[in-house]
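Here's the structure, in structure tokens; my notes come after.
There are 2 protein chains.
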Amino acid sequence: MNTCQKRISDLQLILKEKDLDAIVLSRPLEINFLTGYFMDGVIMLITRQEAFAFMPKMLFDDFHAKVPFVRSEHSDKIREALMSKKTELGLKKAVFEPETENYLRGKYWKDNGFEECQGLTASLRLCKEGEEIEMLRKSCRIAAKAFEQLVPTIKTGETEIEVSNRLDNLMRSMGAKGPSFDLIVAFGQNGALPHHVTSERKLKDNESILIDFGCIYKGYCSDITRTFFHGSPNDEYRKVYDIVRKAHDEGLKALRPGLSAVEADKTCRDIISDAGYGQYFIHSTGHGVGLEIHEAPALSSRANEKVLLKKGMAVTIEPGIYLLGKFGVRIEDTALITENGCEALTAEE
Amino acid sequence: MNTCQKRISDLQLILKEKDLDAIVLSRPLEINFLTGYFMDGVIMLITRQEAFAFMPKMLFDDFHAKVPFVRSEHSDKIREALMSKKTELGLKKAVFEPETENYLRGKYWKDNGFEECQGLTASLRLCKEGEEIEMLRKSCRIAAKAFEQLVPTIKTGETEIEVSNRLDNLMRSMGAKGPSFDLIVAFGQNGALPHHVTSERKLKDNESILIDFGCIYKGYCSDITRTFFHGSPNDEYRKVYDIVRKAHDEGLKALRPGLSAVEADKTCRDIISDAGYGQYFIHSTGHGVGLEIHEAPALSSRANEKVLLKKGMAVTIEPGIYLLGKFGVRIEDTALITENGCEALTAEE
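Dropping the structure here:
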């Protein structure tokens, strides 16, 4: 039984536990997770006993050859073909995942007798296992190593876009498929906008550089932020940097199975608040990372208090302080929760 | 009045014509089209008289500074803030666009009294105008020029991924933000899969190369496919190539205002069918291109017969023949419909 067959089997176990007959899936991310095949245009119906896939003719030969453990068929009307199968098998209690569907497709399932049921496949993705961990680790290593090579090449006068393109190239030259999101390179006061859009702004002497970056390796995303100074930092920058560094380090130290997502956020936030900068830490402390750059669990003051960290979860710790018109400091690592603590996957070696 | 203000005003005109009080929008693509601001997390409420935007605090300062012509406010609960505004203004007949929403958000609007209404913003995007045409043209020129530079560098023994990365770098070095989709580089029999995933496969002497590529420039996508031979092609390849070339050329020649999307498809398909390869042309002839890599109109045998081409539409023409286990040939250009015909934006200069 390969990894994908195991996941399908785990999903079928969940169907039985929840007394469901079947689940329909249509987002490429979930299809990929269950089949290893990444392509828009395939939908699946998974029953307690079997897994079916429906696709246009154009995709059939390739899918059929690569995913022999799923019963695949092609059709001009894949939703209708799936509905016929549902009827043929007499599936009564069938569900779709509302968080993974677009409105029109979700409505189609709803109108055709499927009920909403959140989080079934997400629960399978929450704790990383086996080769997933290797791919995530490699994704993080590529990003961290590319950054190491990037830093000494950055020069006064070049644009944020130029630096971003160079980092992107470095990551791909090391085997990444591409960036895991639009890379953020922010010079000087641009760093004060957490979601700054990398621009034609040129680097001057004596200003801060914030780079938020990551790559995709075999589907798995990495996420890192580094802030550093190009020249001689002033006292305010040094002070703010040290506070964020401390919040980040304590945040990482606190991570372990059993810690709640709310406590993880509070650990970082308290340090920044106690230093008098609470109002300038304007986002949550972290988020899960995996096949998606943002996935469960959110490390946030607004998270459900019952959400506890578990071994195998991968999360970011990314406290920041943003001083509008001046600069911003954010320090972020991706960490894997281990038996007794965590492994910072993106830390310098 | 800037371009974005004009678009908001045009949308407000549509609201009046359709006797609607307001529309809610939440996808970054539409928000960007109407404000010039591209960022996930902003939602808008547009009434006949005004345009409101709601966003988290983190985005507010930046948005507010860059989009002064929209009334922006920040909130921890942006949907609720928008609903309060709707109530405050007594908006009765308000709609959302089901094709632009994910299921959960669309359902929220539906449950809160918004009705479904398709295609309002899409109708504004269908025919390209003014600076849009310049950006689309530039996007197409970058991709075409990058390809010209790429071809002489391709060598026996390198992988599809290496060639793809080099093309990506070339496009970005010319000002593109990045690729407009996952670039497809397919050597030899991989070309027979229209949606081949670029791989570690190495190039051998005497085989075909199919490259489907494009870039994003200021939000606008380009889309091109070229097929060529690395070495000396055999007779079968020559024959198939000539048929696809003829279908492509005749397809481009036929494009003009008033031609139906079905006829555009038929022009190409008939040439391939008459040559005896109809069953190997396993996808539709083309699609609209703009802010999205695939948008309206679809040039397909299954299109609504009433869909007619108009001046300002941008579409691809991309016939192909796919011989499983051997090779595939696809030739694609992005074309802008003009007063009397079309301009092939991606053709060699």
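In order, the protein sequences belong to chains A and B. Numbering-wise, the first sequence is residues 1 to 349 according to the working numbering. Numbering-wise, the second sequence is residues 1 to 349 according to the working numbering. By construction, the Cβ of each residue, glycine as well, lies at the ideal position given by its N, Cα and C atoms.
Residue i versus chain B: which residues are under 9 angstroms apart at the beta carbon?
i: A/Leu324; result: Asp61
Against residue i, what residues of chain A qualify as contacts under a CB-to-CB distance less than 7 angstroms, listed in chain order?
i: B/Met351; result: As shown, chain B starts at 1 and ends at 349. That puts residue 351 of chain B outside it, with no answer to give.
i: B/His283; result: Met58
If residue i sits next to residue j, beta carbons under 8 angstroms apart, how far is it from one beta carbon to the other, in whole angstroms?
i: A/Ile321; j: A/His248; result: With 8 angstroms as the limit, A/Ile321 and A/His248 do not qualify as a contact, their Cβ atoms being about 11 angstroms apart.
i: A/Leu25; j: A/Ile14; result: Rounded, the Cβ-Cβ distance is 13 angstroms, inconsistent with contact.
i: B/Ser301; j: B/Ser273; result: At roughly 11 angstroms, the Cβ-Cβ gap does not stay under 8 angstroms, so B/Ser301 and B/Ser273 are not in contact.
i: A/Gln210; j: A/Gly341; result: Correcting the residue identity first, residue 210 of chain A is Leu in this sequence and not Gln. Not quite, the Cβ-Cβ distance comes to about 27 angstroms (not below 8 angstroms), so this is no contact.
i: A/Arg383; j: A/Leu89; result: A question about residue 383 of chain A goes unanswered here, because the residues of chain A that appear run from 1 up to 349.
i: A/Tyr237; j: A/Phe229; result: 6 angstroms
i: A/Gly214; j: A/Ala143; result: 5 angstroms
i: B/Ala22; j: B/Ala94; result: 4 angstroms
i: B/Phe33; j: B/Thr121; result: 7 angstroms
i: B/Ile317; j: B/Gly286; result: 5 angstroms
i: A/Thr156; j: A/Leu203; result: 6 angstroms
i: A/Val36; j: A/Met55; result: Strictly speaking, residue 36 of chain A in this sequence is Gly, with Val absent from that position. 15 angstroms between Cβ atoms; not a contact.
i: A/Ala165; j: B/Arg201; result: The sequence shown places Asn at residue 165 of chain A, not Ala. Not a contact, Cβ separation roughly 26 angstroms.
i: A/Asp205; j: A/Gly231; result: 5 angstroms
i: A/Ile154; j: A/Asp223; result: Incorrect: roughly 21 angstroms between the Cβ atoms, too far for contact.
i: A/Phe281; j: A/Pro319; result: 6 angstroms
Taking C-beta pairs closer than 9 angstroms, name the residues in chain A that residue i reaches, listed in chain order.
i: B/Gly106; result: Asn102, Tyr103, Leu104, Gly106 and Lys107
Could you name the residues of chain A that residue i contacts, counting a contact when the two beta carbons are closer than 8 angstroms?
i: B/Pro98; result: Tyr103, Leu104 and Lys107
Next on the checklist: Suppose only complete runs of 3+ residues qualify. What are the beta strand (DSSP E) ranges in the region 182–213 of chain A, listed by chain order?
Outcome noted: 184–187 and 207–213
Checklist entry - Is it a yes or a no for the region 149–166 of chain B touching the region 69–79 of chain B, going by three-plus beta-carbon pairs under 8 angstroms? => result no
Item to check | Interfacial residues, the region 46–62 of chain B to chain A, with Cβ spacing under 9 angstroms | outcome: Pro56, Lys57, Met58, Leu59, Asp61 and Asp62
Item to check | Interface residues of the region 168–195 of chain A facing chain B [CB-CB below 9 angstroms] | outcome: Asp168, Asn169, Arg172, Ser173, Gly175, Lys177, Gly178, Pro179, Asp182, Ala192, Leu193, Pro194 and His195
Checklist entry - Quick check: the region 253–272 of chain B against the region 164–178 of chain B, are there 3 or more CB pairs under 8 angstroms? => result no
Checklist entry - Unbroken beta strand (DSSP E) runs of length 3 or more, entirely within the region 211–294 of chain B: which are they? => result 215–217, 224–230 and 286–288
Checklist entry - Where are the beta strand (DSSP E) runs, 3 residues long or more, that stay fully inside the region 33–58 of chain B, in chain order? => result 43–47 and 51–55
Checklist entry - Where are the alpha helix (DSSP H) runs, 4 residues long or more, that stay fully inside the region 60–101 of chain A, in chain order? => result 78–88
Checklist entry - What residues from the region 145–168 of chain B come within 7 angstroms of chain A, judged by C-beta to C-beta, listed N to C? => result Asn165
Item to check | contact_flag[the region 331–341 of chain A, the region 16–32 of chain B] where n(CB pairs < 8 angstroms) is 3 or more | outcome: no
Checklist entry - Is the region 92–103 of chain B close to the region 99–111 of chain A, with three or more CB pairs under 8 angstroms? => result yes
Checklist entry - Is the region 306–318 of chain B close to the region 183–193 of chain B, with three or more CB pairs under 8 angstroms? => result no
Item to check | Any 3 or more C-beta pairs closer than 8 angstroms across the region 127–144 of chain A and the region 206–220 of chain A | outcome: yes
Item to check | Segment contact flag, the region 34–50 of chain B with the region 76–91 of chain B, C-beta cutoff 8 angstroms, min 3 pairs | outcome: yes
Checklist entry - Counting only runs that start and end within the region 98–127 of chain A, where is the beta strand (DSSP E) found for 3 or more residues in a row? => result none
Item to check | the region 142–155 of chain A in contact with the region 125–133 of chain A per 3-pair CB rule at 8 angstroms | outcome: no
Checklist entry - Quick one: complete beta strand (DSSP E) runs, 3+ long, within the region 316–341 of chain A? => result 320–323, 327–330 and 333–337
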